[in-house]
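Student: For the sequence shown, this note's numbering assigns the number 1 to the initial residue and increments by one for each residue that follows. Glycine included, each C-beta is placed from N, C-alpha and C at the ideal position.
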Amino acid sequence: MNFSTFLKGEAGLWNASLIGTTAGSLVINALALVMGINVAFPHLLYIPVVIGAYRHPRQGLILSAGIGAVYLALVMVLTAGNSSIILESVVRVAVLVFIGWLISTLSSRLRSQEELYRGLFDNSEAGSILICVENGQRIVEEVNWSAAHLLERTVSDLRGAPLTTFMGEDIERGLFVRLAEEGKIYAEETVFMTASGRVQHVLVSLAALPGGRSIITCVDITRRVSAEDALLTANIKLHLLSRISSDHLNRTVDRIIETLDSAPRESFDAKTTTLLETIRNLVWNLARQLFLTESYQDLGSSPPEWIGVQDALDYTDLSGAGKNISVRMWTERLEVYADPLFRNVIGHLIENSIRHGSRVRNIIVTYREIPGALELFVEDDGIGIPEEKKETIFEYDSGQHAGLGLFICRQIIAVTGMTISEMGQPGKGAQFVIRIPEGDWRIEGRGEDAPPFSLPSEDTSPEDTSAFARELISAEFPIANALWVDYHDTHGDPVTDRIFAAFAGGEAVSLARCRHHPDGLEVDAVFTPVKFRGHGYAHLTVHALIEACGKEMLYMHSVLNLTEFYGKYGFIPIREDELPPTIRDRFAFAGGQLEGANVQPMKREPSP
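1) Quick one: Cα of G320 to Cα of P580, how far?
2) Could you pull the DSSP bridge partners for V559 from this structure?
3) Measure the alpha-carbon distance for A373 versus R198 and round it to whole angstroms.
4) Helix, strand or coil for W14 per DSSP?
5) Does the Cβ-Cβ distance between V365 and T331 come in under 8 Å?
6) Near H401, what residues of its chain come up, given a Cβ to Cβ distance below 6 Å and the 5 sequence neighbours on each side ignored?
7) Any idea if N344 is buried or exposed, counting beta-carbon neighbours within 10 angstroms, 16 or more meaning buried?
8) Is it the case that the segment 342-356 contacts the segment 301-321, given that we only count it when at least three CB pairs across the two stretches are under 8 Å?
9) So for K184, helix, strand or coil by DSSP?
10) Within its chain, find whatever has a CB closer than 7 Å to the CB of G384; leave out the 5 residues flanking it on each side and keep chain order.
11) By Cβ distance, which residues of its chain are closer than 7 Å to E125, with the 5 residues on each side in sequence left out?
12) Taking P57 and S104 to be in contact with their CB atoms under 8 Å, please state how far apart those CB atoms are, rounded to whole angstroms.
13) Can we say the segment 58-67 touches the segment 92-100, given the rule of at least three CB pairs closer than 8 Å?
14) Alpha carbon to alpha carbon, what distance is there between S558 and R575?
15) Just to confirm, are K184 and A207 a CB contact at a threshold of 8 Å?
16) Below 8 Å, can you find three or more Cβ-Cβ pairs linking the segment 185-197 to the segment 233-247?
17) Can you give me the C-alpha to C-alpha distance between N15 and L45, rounded to a whole angstrom?
18) Please specify which runs of the beta strand (DSSP E), each continuous and at least 3 residues long, are wholly inside the segment 296-328, giving them in chain order.
19) Compute the beta-carbon to beta-carbon distance between A525 and T490, rounded to the nearest angstrom, for a pair I have assumed lies under 8 Å.
20) May I have the straight-line CA-CA distance separating R368 from I436, to the nearest angstrom?
21) With a CB to CB cut of under 8 Å and the five nearest residues on each side skipped, what residues in its chain are close to Q600?
22) Does the separation of the CB atoms of V509 and A502 fall below 8 Å?
23) Where does D486 sit, in a helix, a strand or coil, going by DSSP?
24) Note down the Cα distance separating T273 from R280, rounded to an integer number of angstroms.
25) I51 to R223, Cα distance in whole Å?
26) How far does the alpha helix (DSSP H) with L229 in it extend, from its first residue to its last?
27) What number of angstroms, rounded off, separates the C-alpha of E552 from the C-alpha of L521?
28) Whole angstroms are fine: how far does the CA of D381 sit from the CA of I473?
29) Tell me the DSSP secondary structure of D519 in three-state form.
30) Ignoring anything shorter than 3 residues or poking outside the segment 393-457, list the beta strand (DSSP E) runs there in chain order.
31) Using a 10 Å radius around the Cβ and a threshold of 16 neighbouring Cβ atoms, would you call R173 buried or exposed?
32) Taking C-alpha atoms, which residue in A469, F468, F500 lies nearest to N481?
33) Can you grab the Cα-Cα spacing for the pair I129 / N144, in whole Å?
34) DSSP puts C218 in a beta bridge; with which residues?
35) What would DSSP say about F468, mapped onto helix, strand or coil?
36) Taking only runs that begin and end inside the segment 334-374, name each unbroken beta strand (DSSP E) of 3 or more residues, in chain order.
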């Protein structure tokens with residue numbers, strides 16, 4: 001590198017400053033020493049040391065040591081070996097070298113960070129645009145190649161250009177108003193205008209920086225948007241074609257049924273009548289399959305949403321249950337993130353039990369939490385499903401004219417990564433288990449990400465006036481707290497508790513709680529006020545709790561005179577040391593002698 005190149009451009013100005021200040025400060029100090037002045041002027045040496053260490057951090061220590069060495073040589077020559085002045089100069093040189101080393105180190109680190117961020121900025125696949133404000137207008141201060149390529153411009157063309165060069169004024173105003181309110185914007189879909197006038201769909205993020213700056217990062221999603229539009233158009237056309245075909249098929253089915261109904265049965269022999277009845281049943285099966293197909297033809301056309309599982313009852317035809325089949329759902333607080341048709345899935349499973357489960361008297365819907373997932377159970381006490389058919393029932397057309405419904409049910413829940421299987425015992429009932437991944441389920445009232453439900457209407461009882469039990473939602477916990485005033489002033493916590501209440505005459509008359517501990521579930525706070533005792537309300541609440549929570553191991557501390565009562569629900573006595581630690585610690589007052597405190601530890605094995 002020749003000397004003219006060394007002094008060219010911005011770097012040349014810095015190099016010239018370094019040479020000039022070094023020479024100037026040393027000459028001035030030499031003249032001062034000749035005149036016998038050895039104070040004040042040595043401070044000028046800090047200037048070239050700072051410049052050199054900042055601009056050339058790798059050579060900063062050498063530069064500062066060199067300047068110090070020249071100065072020390074001048075002192076030794078021009079002061080005739082004055083020891084006190086030489087000692088003072090040595091200290092000053094040491095300070096110069098330390099300052100040079102410190103500034104070099106800090107400059108090296110700063111430069112490394114600048115190079116790192118510059119590398120990330122320049123080489124990122126995402127477009128990056130640094131924005132500043134000049135004269136009240138937002139302009140591009142810096143831009144990387146990806147953003148320039150996206151906008152069909154060069155980097156130099158975009159530097160200094162107003163933001164409205166590629167962004168509409170309304171879009172710019174809307175984004176920066178939101179930025180001022182929220183501090184940052186993530187993954188916002190918008191449009192940019194390229195140099196050729198083409199609309200570019202982009203996903204942008206926007207963040208505020210110090211000094212009134214802001215940075216935009218953007219990713220081209222034009223192809224994705226085009227594909228989505230094409231898919232939507234195709235879906236609309238397919239939907240129309242499906243609707244037309246379905247209408248024609250339904251009209252044909254209706255005409256076949258009308259024809260069969262109008263046939264004079266008395267004019268046919270027994271064999272012909274049997275054949276006509278078989279045809280009629282086949283046509284009705286076809287009609288039902290058409291209905292199922294129409295019900296689920298919009299699968300995936302709407303985005304997933306949070307759905308209250310209990311709401312599925314509103315989508316379930318219970319007319320076939322009559323008074324002989326009891327349907328009990330213990331999912332009052334459970335929500336799942338699923339396709340809107342998920343409600344129909346639960347309804348279809350319940351209707352299947354009513355329609356096909358001979359001997360069915362009880363249909364129960366409940367759930368349990370397991371590591372990384374939640375299992376939702378829909379089970380009955382009918383004849384169950386043979387082992388060899390447990391998987392084939394979910395296939396298209398299982399041969400029993402119900403496979404289409406279960407086949408589509410599996411497709412619906414698969415939209416958000418759920419799975420379904422049949423785990424019942426043949427001869428004891430069917431049990432459908434829906435496995436819901438972590439993050440796709442929540443219990444209302446447990447936290448900010450699971451907001452509480454609003455209070456239900458006042459009339460929550462069945463049409464008849466008999467007592468019934470249900471789980472309380474978090475907004476109803478004050479009802480339990482008021483009833484528990486006479487039971488150690490117990491209070492429920494929506495984060496850890498599930499509370500079950502028996503209702504009679506429009507009011508809560510008995511309570512039971514299932515509390516979640518880090519190492520197990522505890523049953524406690526089973527309480528019926530004195531004025532409501534003697535009517536079996538405690539049995540009602542405990543039975544509800546067992547049905548709702550009994551898929552997991554349950555622990556409790558029973559007073560001695562109630563162990564027989566809880567034994568009816570599957571609880572057995574255990575030793576104190578068999579209790580999980582956090583549950584055992586609640587009764588630490590007994591000093592390890594629960595029996596002496598009139599308390600018996602008990603547990604209940606999970607229901608199959």
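Tutor: To lay it out plainly:
1) 45 Å
2) V599
3) 46 Å
4) helix
5) yes
6) Any answer about H401 is weak, because its pLDDT of 46 lies below 50 and its placement is not dependable; what the coordinates show is given next. Hits under 6 Å: N285.
7) buried
8) yes
9) strand
10) G424, Q425, P426, G427, K428, G429, A430
11) S146
12) 4 Å
13) yes
14) 12 Å
15) yes
16) no
17) 16 Å
18) 305-308
19) 5 Å
20) 11 Å
21) H557, S558, V559, L560, T563, P573, L594
22) yes
23) helix
24) 10 Å
25) 52 Å
26) The question names Leu, yet the displayed sequence has Asp at residue 229. Looking at the DSSP string, the run of the alpha helix (DSSP H) that includes D229 is 222-262.
27) 8 Å
28) 28 Å
29) coil
30) 419-422, 431-437, 441-443
31) exposed
32) F500
33) 7 Å
34) G127, V204
35) strand
36) 334-338, 362-370
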